[in-house]
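Undergrad:
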Amino acid sequence: MKELVFGSLIFLPGILKVLVLGFFIWLIARGFYRKKLYSSGIWHPNLVDITIYFVSLYLSHLIFLFLQG
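Sequential numbering from 442 applies to the sequence shown in the working numbering.
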């Protein structure tokens, strides 16, 4: 049982870093496409928002991987 707790303590900060950096990347990217998104030119704006968020999570994960070496 202690191994599971120790393992979660190691991996949790890495996940939180990726989520927080991904959120800020998403906020910056959202500023560029927000007007186009809500001008009713796109059928489902929430799906686009979620997709861009997942892409920003992927980018933040790549950033942390490249910074590690």
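Every residue, glycine too, gets a C-beta built ideally from N, C-alpha and C.
(1) Quick one: Cα of Q509 to Cα of H502, how far?
(2) Could you give the C-beta distance for R497 and I466, rounded to a whole number, given that I count them as a contact under 8 Å?
(3) How far does the alpha helix (DSSP H) with H502 in it extend, from its first residue to its last?
(4) My guess is that P486 and Y479 are in contact by the Cβ rule of under 8 Å, so how many angstroms apart are they, rounded?
TA: Inspection of the coordinates gives the following:
(1) Here residue 509 refers to the residue found at position 68 of the sequence shown. Here residue 502 refers to the residue found at position 61 of the sequence shown. For Q509 and H502, the distance between alpha carbons rounds to 11 Å.
(2) Locating residue 497 in the sequence shown gives position 56, where the first residue counts as 1. Locating residue 466 in the sequence shown gives position 25, where the first residue counts as 1. Before going further, note that residue 497 is Ser rather than Arg in the sequence given. So it is a contact: roughly 4 Å between Cβ atoms.
(3) Along the sequence shown, one-based indexing puts residue 502 at 61. Segment 486-509, the alpha helix (DSSP H) holding H502.
(4) For this step, residue 486 is matched to residue 45 along the sequence shown. For this step, residue 479 is matched to residue 38 along the sequence shown. About 6 Å separates the two Cβ atoms, so the contact holds.
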